[in-house]
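Notes for the one structure printed next.
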Ligand code: ADP
Ligand code: UDP
């Protein structure tokens, strides 16, 4: 697949056209940002890890019946995906309190919820991705009611699948962010990425953070945490093959 014109450069990835108008190439960078771009840095090797992790997880989700944009991994940093029109909602699923949830409601991090929660942010950098409810999303024409129902159903199924997988790796899936998009025929599919940039992943025994919070909160050992979480994913996948 020949890489065409660069269509977009985001904070963590570049997006390229291909000779097939229905397909794109995404290229993962080592650049890291937090707090809506105010904090910037580099996490060496992150692009490779996020690309490979996201692809491995999306492949599993596909096998379990969740449609995704994933087509084929091209190399360490680049993947061929189905082009979608992104639904401009960040879909956040939580199993425990952390981050903005803990801040907003004045609770400690790590409280285990009796059932998972879901929320949406309006994906809009100028507005700093404000929290939005599903009625407002429909009123703004961001998605239809039926699309939001589909997105919710997929998101909770994805949570069940990922939570179980990470538990096998000795990791607690605290929360994560998903993005969905529409194919040309309107089908909703999971897009973007699933990685330590977009998930909170804690060691099940020690509670050690193995995700982007190490960068956001200046905890040190950022590159090592990304390597450790990838090592666990690989070990689990290898043990399943045997
Ligand atoms: P940001 O735009 O937030 O800086 P990235 O650096 O990750 O984020 O850039 C990747 C962009 O590509 C995001 O805006 C994301 O919504 C978009 N995207 C992800 N998957 C697809 C896809 N399959 N088709 C079209 N756009 C996609
Ligand atoms: N998240 C993300 N992109 C964003 C905002 C959040 O990937 O723009 C992820 C984040 O990594 C965490 C989850 O969504 O796994 C919930 O984030 P939260 O709302 O707690 O935000 P934060 O603490 O980053 O303000």
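Residue numbers (the working numbering): 3 to 244. Note that beta-carbon positions come from the ideal geometry of N, C-alpha and C, so glycine has one too.
heavy atom of the ligand UDP below 7 Å from residue i C-beta
i           : result
residue 43  : no
residue 223 : no
residue 188 : no
residue 202 : yes
Minimum C-alpha distance to residue i - residue among the options
i           : options               : result
residue 236 : 200, 179, 135 and 52  : 52
residue 171 : 204, 68 and 24        : 204
residue 82  : 108, 19, 137 and 91   : 19
residue 111 : 224, 234, 215 and 243 : 215
residue 180 : 190, 173 and 186      : 190
residue 26  : 194, 199 and 243      : 194
residue 213 : 221, 160, 198 and 220 : 198
Cβ-heavy atom distance, residue i to the ligand ADP, below 7 Å
i           : result
residue 194 : yes
residue 112 : no
residue 51  : no
residue 88  : yes
The region 9-20 in contact with the region 30-39 per 3-pair CB rule at 8 Å: At 8 Å Cβ cutoff, the stretches touch.
contact_flag[the region 72-86, the region 107-121] where n(CB pairs < 8 Å) is 3 or more: The region 72-86 makes no contact with the region 107-121, as fewer than three CB pairs between them are under 8 Å.
Sufficient close CB pairs (3 or more, under 8 Å) joining the region 32-45 to the region 60-68: Not touching, per the Cβ criterion.
Stretch pair the region 154-167 + the region 222-231: three plus CB contacts closer than 8 Å: Here the region 154-167 does not lie against the region 222-231, with fewer than 3 beta-carbon pairs under 8 Å apart.
In chain order, each beta strand (DSSP E) run of at least 3 residues that lies wholly inside the region 14-93: Runs found: 15-19, 25-30, 33-36, 41-44, 72-75 and 80-84.
Secondary structure, beta strand (DSSP E): runs of 3+ residues fully inside the region 88-131: List check, beta strand (DSSP E) in window: 91-98 and 114-124.
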